[in-house]
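These notes are about the structure you will find just below.
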Amino acid sequence: MPVEQLEEENKTLRTKVRVLEEELKHRNAECVRLRDELQLLSGVMRENDSQRQLIDTLREELEFSRKSHAEAVEALNVEEKQRRNEEHRQRMARVQLQLSTSGMDVKTGTSPQAGGAVLPVVTGGVVPTSSGVEIICKSSNISSLGFAPVQRPPDFAGSAYGQFCKGVANSADLVEEEDEVSRLMAMAKDGAMLDIKHAEVTDGEENELLERYKALKLWKPN
């Protein structure tokens, strides 16, 4: 085998060795870089796991706090509703008491008869009239002297002049009674409006609680 051919092969092999050495150095540097990145990522992974556990714990606490808050809000709404109901009952009780004291009933809505109303004909007893309560005695043929009719004295108070004087004397009382009736009717109207407003507020609270309950059911943690 000629020497020149051997030297040529030797040069070729040396060239291949140098190329392989360069590639080996490049691979070693790449391995070192990957090892450093792996160590860094391992620390990040451990930190990530720790943060994930913390996030899970905080999520559970947040869910518990949200449920507790919802229960507290619901309890406050129920308490507020009961308080308003109690205040409403007390107001209506006061109105009922004032109306019943003045001779009216908030349920029936009756009022005293006006001065021009026709009173039922009675034969005797205690009778309410436009001028107040009066006692009317029934006429009878029996007297202290026997069964003969008793001659009654003339009723000057029942004459036209007496009725005129009586009407003048009672005009101020009629005005006061009309003012009292107007005031009590206004109180009854206010009570009815309070009932309507209270029902509207109650419906609004129930709708708000229903919407909140639906939102809580549809909410899903990420």
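Our numbering puts the first residue of the sequence shown at 5, with every later residue one more than the last.
Even glycine gets a Cβ: it sits at the ideal position worked out from N, Cα and C.
Note that the structure is predicted; figures quoted are calculated from it, not measured.
Given residue i as reference, the closest of the options once Cα atoms are compared
i           : options              : result
residue 190 : 29, 215, 100 and 214 : 100
residue 196 : 183, 95, 218 and 83  : 95
residue 194 : 215, 183, 98 and 75  : 98
CB contact check: residue i to chain B, cutoff 7 Å
i          : result
residue 83 : Absent from the structure: chain B. Only one protein chain is present.
Close-in-space but distant-in-sequence residues of the same chain around residue i (CB under 7 Å, 5 per side omitted)
i           : result
residue 120 : Only weak support exists for where residue 120 lies, its pLDDT of 45 falling under 50; the coordinates are left without a value.
residue 186 : none
residue 24  : none
residue 20  : none
Nonlocal neighbours in the same chain, by C-beta distance under 8 Å from residue i, ignoring five residues either side
i          : result
residue 81 : 209 and 213
residue 87 : none
residue 78 : 213
residue 74 : 216 and 220
Close Cβ partners of residue i (< 6 Å) along its chain, the five nearest in sequence each way excluded
i          : result
residue 10 : none
Coil, strand or helix - residue i by DSSP
i           : result
residue 120 : Its pLDDT being 45, under 50, residue 120 is placed unreliably by the model, and nothing is read from it.
Fully enclosed by the stretch 15 to 52, which beta strand (DSSP E) runs are 3 residues long or longer? none
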